[in-house]
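Residue numbers (the working numbering), protein chains in the order written: chain L, 1 to 238; chain S, 1001 to 1579.
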């Protein structure tokens, strides 16, 4: 015990490492609670409109690229695994294992971002964009909502509403993922500088909690946005 | 540690000698870096004190503009657009940058660690970050208000705020959005601190009720603020990109904004008032020399208010197009808030009953709080009732109601707390006579300002209108006169409190003979609060048997409620108090 209380990891205002670790974890959990409420507001708004305008939401959803979303789901779930392995490595003091797992996690995060960027590009090419142009474009009938949808009786403003949610929700998620990659990079630099001895493994665990939350939110976004409408096998291409 | 609180203690440890400390948290370093980069919770509390005072003055000046303009039925000094900007400035600044951060930021930061026997909050750097984030957000919003103004009202309802308004809505919204994170950071810090940093023996049942109150407040901050954040984000996105989430012209639903906005902003009124209740919980027992009546009921009622506060938001929207059934339900739920609130008022009264009351300045402010909060709470019932709300909705009756709770309640409690803990914070005593005078002036000015507004509202004067029929002029002039008296009352502490720093006599460590752990430290406290971690042996309000929380006998007090200076202990282990 006495060797632990003199650990360089222990901050001045805590009595023991145990107290410090459990405070850090509780703090992170509390932060995750605020994140859940933050996305909760978006989910409530999304649900209200999806119930009001089911045809438009299903119609535009079926135009989104479900193949990329599927691959990205797999990528992100795998990154959560390597993130957890990183905690284990940190607890055991395996520096090389920690670095390897953090690198893979960050790389998978970047892979997700790359696919997502490509997907945004294809969305823009296909005209699945809301925006300022819309207020005017809707009036002048020059909007870019796909013609086949309009032929099915889908209302352009409501289709735009779905796209607004698509961009706002995935955009905020991407922002969270970028912050997550930043945090993992910070852990990497701390590891290289020898600042993560086994006693300080809680740093890795706190970042991992955040990482899992970002992953978990994607698991809600994916079905809400991509699976609200039907997809055919012929759509499974980039 | 010691869990035998119930077993009677026959002889207590004697009153400890006056603790002496040459260096304290104020004088160990005078450089500006030591203030701007401090991670000491006490200095951060003082940074908050400076900034909320500035924003209180800004918001107060805007209120002055509004009141002066209303002296004439056609608007005395402002055109209609500027009038809209003035009341929006008043609302935004007071709500987001004064009422919400005031007690948690100043008194919470300073005293939560001291009351539970900790060296600091759990995350000192996060605490400093919260002040910077607050300053960035608040400065941005105030800048937006000063350079162009916002004329939407603090509620920012779309589609007016998103489509029609030509004012600085986006910078203002971003400022409030940023300041919200500061509120979340403070709340998170307090929750973790209360859970993890309590001194040995400081069980949940021995926490001072101020700590319970701020714990409940922090829960609301944590759960409600993110919803406001995402709502404002959608509003800003709608205004910037024209995407129409809340715009009926594009098949959006403006009611959805109101639901999301009030899901935060109703609980936010409890973020404002619950810390005030916590302050009063500390002061009433101290100056009645009695244990608080119903400790457990008091602790659970703040948690109860926090929980029930989350399920009443739609009573702001009774006339906005809710269904009958949801209006009925929300009316019923709103009535429920009265139960824990009444528990608190009755328990304060029962605490006062047969107490040895001394009318010091903090006590006068607290008593004024109880009166004004009760009026504010009872008039809320008129607004929670569906039938009467149809008549009173969006009138000056509502304005008077929430000012009674927010200003009469929260601001007076904040003043009470500031006066109660001022000797501890600064190490100096202020002039009690001037402080009592200011409490009385504020009370009189307050009644004169807001009582006429109840009448105005009852007779149908709508809020936010710059013009009114001539027969309302006399009441409006009365109200403005009251606001002038009120402003003068607020000015007095702005003079005698700073003067006390130079001319006030030195405060002892426990000038009110109070029981909390914070009073066992020197005034002002040392850097790390406690020389060694205190061991808590008693509940928080053992005034009846006269011991503080560490089991030491309290100093004797004179007829004015002040601890008798220079007397270390009346008699070692004074058993005459033990009944």
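By construction, the Cβ of each residue, glycine as well, lies at the ideal position given by its N, Cα and C atoms.
Comparing alpha carbon positions, the residue from L/102, L/159, L/68 closest to residue 61 of chain L is L/159. If you check the CB distance, residue 215 of chain L and residue 7 of chain L do not come in under 8 Å. The beta carbon of residue 1264 of chain S is closer than 6 Å to those of 1224, 1227, 1228 in its chain, skipping five residues each way along the sequence. Within the stretch 1038-1056 of chain S, no residue has its Cβ closer than 7 Å to any Cβ of chain L. Under the three-state reduction of DSSP, residue 1550 of chain S is assigned to coil, being neither helix nor strand.
Of all residues in the stretch 1114-1132 of chain S, the ones placed with a Cβ closer than 9 Å to any Cβ belonging to chain L are 1118, 1119, 1120, 1121, 1122, 1123, 1124, 1126, in chain order.
Around the beta-carbon of residue 1421 of chain S, 16 or more other beta-carbon atoms lie within 10 Å, marking it buried. Remark: C-beta atoms of residue 1116 of chain S and residue 1185 of chain S do not approach each other more closely than 8 Å. Shown in chain order are the members of the stretch 9-35 of chain L whose Cβ falls below 9 Å from a Cβ of chain S: 11, 12, 13, 14, 15, 19, 20, 22, 23, 24, 26, 27, 30, 31, 33, 34, 35. From the listed residues S/1137, S/1238, S/1466, S/1285, the smallest Cα separation to residue 1075 of chain S is found for S/1466. With a cut-off of 8 Å on Cβ pairs, the stretch 1456-1475 of chain S is not in contact with the stretch 1022-1035 of chain S, counting fewer than three such pairs. Along the stretch 1226-1237 of chain S, going in chain order, the ones with a CB nearer than 8 Å to a CB of chain L are 1226, 1227, 1229, 1230, 1231, 1233, 1234, 1237.
Contact between the stretch 1407-1415 of chain S and the stretch 1360-1370 of chain S is present, with at least three C-beta pairs closer than 8 Å. Residues of the stretch 1189-1211 of chain S with a C-beta less than 9 Å from any C-beta of chain L: 1189, 1191, 1192, 1193, 1195, 1196, 1197, listed in chain order. Around the C-beta of residue 1152 of chain S, 16 or more other C-beta atoms lie within 10 Å, and the residue is accordingly described as buried.
Residues of chain S with a Cβ closer than 8 Å to the Cβ of residue 45 of chain L are, in chain order, 1234, 1245, 1256, 1260. For residue 238 of chain L, there is no enclosing alpha helix (DSSP H), since its DSSP letter is neither H nor E. Residues of chain S whose Cβ lies closer than 9 Å to the Cβ of residue 40 of chain L are, in chain order, 1226, 1227, 1230. Sequence-distant Cβ neighbours of residue 21 of chain L in its own chain, meaning closer than 6 Å and more than five residues away, are 202. Bridge pairing for residue 1462 of chain S: S/1395 [DSSP].
Under the three-state reduction of DSSP, residue 1141 of chain S is assigned to helix.
Contact between residue 1448 of chain S and residue 1485 of chain S holds, with the beta-carbon distance rounding to 6 Å and staying under 8 Å. In the structure shown, the three-state DSSP call for residue 1354 of chain S is coil. At least one CB of chain S lies nearer than 8 Å to the CB of residue 168 of chain L.
Taking a Cβ-Cβ cut-off of 7 Å, residue 1548 of chain S has no neighbours in chain L, whose nearest Cβ is about 22 Å from it. Not flagged as an interface residue toward chain S: residue 79 of chain L, since no C-beta distance is shorter than 8 Å. DSSP links residue 1506 of chain S through a beta bridge to S/1428.
Where residue 190 of chain L is concerned, the enclosing alpha helix (DSSP H) starts and stops at 156-192.
Contact annotation: residue 1121 of chain S and residue 1113 of chain S have beta-carbon atoms nearer than 8 Å. As the crow flies, the alpha-carbon of residue 27 of chain L is around 7 Å from that of residue 1189 of chain S. Taking 8 Å as the threshold, the shortest C-beta distance from residue 1184 of chain S to chain L falls below it. Between residue 1490 of chain S and residue 1442 of chain S, the C-beta gap is smaller than 8 Å, which places the two residues in contact. Contact between residue 1276 of chain S and residue 1369 of chain S holds, since their C-beta atoms are separated by about 7 Å, short of 8 Å. Take the alpha-carbon of residue 38 of chain L and the one of residue 1096 of chain S: they are about 18 Å apart. Closer than 8 Å to the CB of residue 200 of chain L there is not a single CB belonging to chain S. Residue-level contact check: residue 54 of chain L does not touch chain S, since none of the beta carbons of chain S fall below 8 Å from its beta carbon.
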